[in-house]
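Remarks on the structure that follows.
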Amino acid sequence: MSDLKKRLLPMLGHVSGKRSAVTCALKCGNACAQGVCNTSSNNYFRDVVSAEFSRRNMLGVSSAGVLALVFGGSAAASATSASGLSPAAKVASGAGSKLKFTGIDGVEATVDNVTVPKGYNWKPVIRWGDPLFADSAEFDPENQTPESQAGQFGYNNDYLDILEIPGTNGKRAVLFSNHEYTNEAIMFPPTMSASDVRRTAMAAHGLSVVELRRKGKGQPWEYVRGAKLNRRFLFDTEYELTGPAAGSKLLQTKADPTGRKVLGTQNNCAGGTTPWGTILSGEENFNQYFKVANPTAEQRRYGLTDPNPSRGWHLEETRFDTDLPEGKNEDNRFGWIVEVDPFDPTSTPRKHTALGRFKHEGANVTIAKSGHVVSYSGDDERFDYLYKFVSKGKYVEGDKKHNMTLLTEGDLFVASFTGNSPANQIDGAGVLPSDGAFDGVGHWIQLTKDGNSMVPGMEIDQVLVYTRLAADKMGATKMDRPEDVEVNPLTGKVYVACTNNTKRTAAQADEANPRANNKHGHIVELSETGDQASTEFSWNLLLVAGDPAVDESAYFGGYPADKVQPISCPDNVAFDSVGNLWISTDGQPGTIQRNDALYRVTLEGPERGKVEQFMAVPVDAETCGPVIDDQDGMVYVAVQHPGEDGSWEKQNSLFPDYLPAGTPSGKGGLPRPSVIQMYKGKTGF
Ligand code: FEO
Ligand code: CA
Ligand code: CA
Ligand code: CA
């Protein structure tokens, strides 16, 4: 092992769970190897008494003419479909999708290639290190610097969306991606100084906005260097805090006594695209970037406990050392949902305190029938919670300026789930109870109302900055790492990917998290009662993931288990235009020994629960940010951490360029996390 790798991975060999040790160490600061953050006495749910839309597939719909679907709750959406079929009928028939494919088999976890269905091709849209601006340096892996990286596409792309630029007839678009974290041991030569490594890695974090062009709809894209919307968001980018906690003393620092201006964003994971054409991005495992020698109870609840963080950013910027006066409260300024306007390169990105502070996987917004907007967000940590925010103001079609205020004021809720089967039938084995379903009802517990705290003993800014502790007090249900949460644009049902939780014991099993040692995760399907902004819901588990050949608890919405592709560790979700759910995974090599992948799941009709695999990413990689443009016959994913377990000297992956084996890393023989596009045939080439 190189010295660099040793320095960065002090916990190597001490991790447990689904992923490679390297991913655990770098992505979430070894969260799995550490104690459970949520040590609250808050019970598991069986004991709890209280009981314009997501635009992932919006290519072809201009931001000015955003299609705003309005939900009346669990009923079908308003009839905005172009065909004569009602939305519900379209869902049932699968009609209208141009994306025809024969599902592929699972791909062995050693394969260093992108695997697509027969008849399909793939090509990168943009890669780590691609220069974004006219004066950016070319990618030079042997000689990367903080300055060169600042002008290039960042590392480990995660959330992704591609939005058509209005009036370009499908020929121009803007791509947004965030850059969750870095893997210095495979990115940089061991000869690079520790400080240069740190500062270049910092510049490889953040966000990117990049213009794309193509010959026409259905054709592959290329990115446009030097285009006017191109932008990198770095650690000197100023973010404005909005909402009730902005300006709070909990958010004031020595450098920013106003408590309203933060420099940079960290560890951005998934996200969402709003009906008004902006992007939301979730600050997730921000804790691992801070030095904390003497954690407070609040810091411990957020995993801010490392007196010697291996990334060492505190050695570059003292604000990341919470033991110094410069670092006091700086950690409170991360863990938010960030909103970015990709169409305005001069706009100031914002962090919305009204949506609460936790390890946000992402956030997805929908419009309730009442006109209020509703944002769902998961806190991706074992035994943490599912949240929803309901805006005070109402959506106004076409008024972007107004709509961009909607996430600054409103009420925050956390979910409590109750099962309907006897407790003795939920024994942790994951076997369906006698009523044939893991299901029940639920309640959204109100944490804030009209700008006031609803949590006894906590002020409004405390509820928003220490949201986890507020939710503990109010009896939220401890979930198995809720990741992406999205609303089906055709039915209004909400889908929650619970990726896994190997720490849950049989005694802690409940009907919404029914398996002990839940290696494979599950998908919750939630139907709001009445309006989307309702405080009551019903729910069931659509999928209990796993390989049915060896795991009898694997369940696929009632579909025959011998007719599906095994799936494990669901992470990001998306929908196609006919209402199928698409799921990307994070961790299959460690659980079912297959490369991570992208699946289509039928939701309605006799084939409900049918899981078909569309593609697989290369060795060690994770499938992120799926965008399904089935009307155009295109699918996009962000391929994150390919070849993660390699080293500079011995790379594990050569994705996506696949230069000849033996090409030195410094000459491009190294993996480059990239956004890829998949399409049928050889269109455009
Ligand atoms: Fe960054 Fe929740 O995965
Ligand atoms: Ca039941
Ligand atoms: Ca994940
Ligand atoms: Ca994720």
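Residue numbers (my numbering): -6 to 678. For glycine and all other residues, C-beta sits at the position ideal for the given N, C-alpha and C.
Between the alpha carbons of GLU452 and LEU243, how many angstroms are there, rounded?
Their backbone Cα atoms lie some 11 Å apart in a straight line.
Using only alpha-carbon positions, find the residue among ALA430, ASP432, MET447 that is nearest to ILE438.
Of the listed residues, the one whose Cα sits closest to ILE438 is MET447.
Assuming ALA290 is part of the alpha helix (DSSP H), what are its boundary residues?
First-last of the alpha helix (DSSP H) with ALA290: 290 to 294.
Buried or exposed, going by whether 16 or more other CB atoms sit within 10 Å of the CB of SER384?
Label assigned to SER384: buried.
In or out: LYS381 buried (at least 16 other Cβ within 10 Å) or exposed?
With 16 or more other Cβ atoms within 10 Å, it is buried.
Which residues does DSSP list as the beta-bridge partners of CYS617?
Answer is ALA631, bridged to CYS617.
Pull every residue with its beta-carbon under 5 Å away from any heavy atom of ligand 1, and keep them in chain order.
Spelled out in chain order, the answer is CYS262, GLU277, GLU354, ASP373, GLU476.
Output needed for ARG688: all residues of its chain with C-beta closer than 8 Å, excluding positions within five of it in sequence on either side, in chain order.
For the chain, the structure presents residues -6 to 678; residue 688 sits outside this window and is missing.
Give every residue of the same chain whose Cβ lies closer than 7 Å to the Cβ of GLY423, excluding the five residues on either side of it in the sequence, and list them in chain order.
If we look at GLY423 and ignore the five residues flanking it on each side, its Cβ neighbours are PRO507, ARG508, VAL537, SER546.
Using three-state DSSP, classify THR359 as helix, strand or coil.
Looking at THR359 - three-state DSSP - the assignment turns out to be strand.
Quick check on the contact list: which residues have their beta carbon closer than 7 Å to a heavy atom of ligand 2?
Cβ-based neighbours of ligand 2 within the cut-off: GLY412, ASN413, SER414, PRO426, ASP428, ALA430, PHE431, ASP432, GLY433, GLU504.
Applying the criterion that 16 or more other CB atoms from any shown protein chain within 10 Å of the CB defines a buried residue, is ASP623 buried or exposed?
Label assigned to ASP623: buried.
Between GLY550, ARG206, GLY433, ASP443, which has its C-alpha nearest ASP404's C-alpha?
Minimum Cα distance to ASP404 is reached at ASP443.
Between GLU615 and HIS634, how many whole angstroms is the CB-CB distance? I'm expecting something under 8 Å.
At roughly 6 Å, the Cβ-Cβ gap stays under 8 Å, so GLU615 and HIS634 are in contact.
If you follow the beta strand (DSSP E) that ARG593 is in, where does it begin and where does it stop?
Looking at the DSSP string, the run of the beta strand (DSSP E) that includes ARG593 is 590 to 594.
Whether or not the segment 458 to 467 and the segment 570 to 579 are in contact is what I'm after, with contact meaning three or more pairs of Cβ atoms, one per stretch, closer than 8 Å; do they touch?
Because the criterion of three Cβ pairs below 8 Å is not met, the segment 570 to 579 and the segment 458 to 467 do not touch.
Which residues does DSSP list as the beta-bridge partners of GLY371?
DSSP lists LEU379 as partners of GLY371.
To the nearest angstrom, how far is the alpha carbon of GLU332 from that of GLN418?
Rounded to whole angstroms, GLU332 to GLN418 spans 43 Å at the Cα level.
To the nearest angstrom, how far is the alpha carbon of GLU637 from that of TYR488?
Distance between the alpha carbons of GLU637 and TYR488 is about 29 Å.
Secondary structure at VAL434, three-state DSSP: helix, strand or coil?
VAL434 falls in the strand class under three-state DSSP.
Judging by CA-CA distance, which residue of GLN586, PRO664, ASN357, GLY386 is the nearest neighbour of THR103?
Taking only the C-alpha atoms, the option nearest THR103 is GLN586.
Is the beta carbon of VAL594 less than 9 Å from the beta carbon of LEU535?
Closer than 9 Å, so yes.
Evaluate ALA24 with the Cβ neighbour count: other Cβ atoms within 10 Å of its Cβ, from every protein chain shown; 16 or more gives buried, anything less gives exposed.
That one is buried.
Can THR315 and PHE283 be called in contact, C-beta distance under 9 Å?
Yes, these two residues count as a Cβ contact at 9 Å.
If you pair each beta-carbon of the segment 141 to 154 with each one of the segment 108 to 123, do three or more pairs fall below 8 Å?
With a cut-off of 8 Å, the segment 108 to 123 and the segment 141 to 154 count as touching, because enough Cβ pairs lie within range.
Using a Cβ distance threshold of 8 Å, determine whether the segment 513 to 529 contacts the segment 362 to 369, with at least three qualifying pairs required.
Output reads yes: the segment 362 to 369 touches the segment 513 to 529.
Within the same chain, show all residues whose beta-carbon is closer than 6 Å to that of ARG12, passing over the 5 residues directly before and after it, in chain order.
Only GLY580, GLY583 meet the Cβ criterion.
Grab the span of the beta strand (DSSP E) containing CYS17 for me, first residue to last.
Element bounds for CYS17: not the beta strand (DSSP E) but the alpha helix (DSSP H), 14 to 21.
Counting pairs of beta carbons, one from the segment 396 to 410 and one from the segment 560 to 567, are three or more of them closer than 8 Å?
Segments in contact, no.
So, LEU457 versus GLY349, is the Cβ gap smaller than 9 Å?
Closer than 9 Å, so yes.
From this set, PHE530, CYS262, ILE516, which residue's C-alpha is nearest THR522's C-alpha?
Selected option, being the one with the closest Cα: PHE530.
From THR341 to ALA197, what does the alpha carbon distance come to, in whole angstroms?
For THR341 and ALA197, the distance between alpha carbons rounds to 20 Å.
For ARG665, does the three-state DSSP call read helix, strand or coil?
Of the three classes helix, strand and coil, the one that applies to ARG665 here is coil, per DSSP.
With 16 other CB atoms within 10 Å as the buried threshold, where does ALA18 fall?
Classification of ALA18: buried, given that the 10 Å Cβ count is 16 or more.
Let's test the definition: count the other Cβ atoms within 10 Å of the Cβ of SER274 and tell me whether it reaches 16, buried, or not, exposed.
Buried is the call here.
Thinking ASN533 and ASP428 are a contact (beta carbons under 8 Å), I'd like their distance in whole angstroms, please.
Rounded, the Cβ-Cβ distance is 10 Å, inconsistent with contact.
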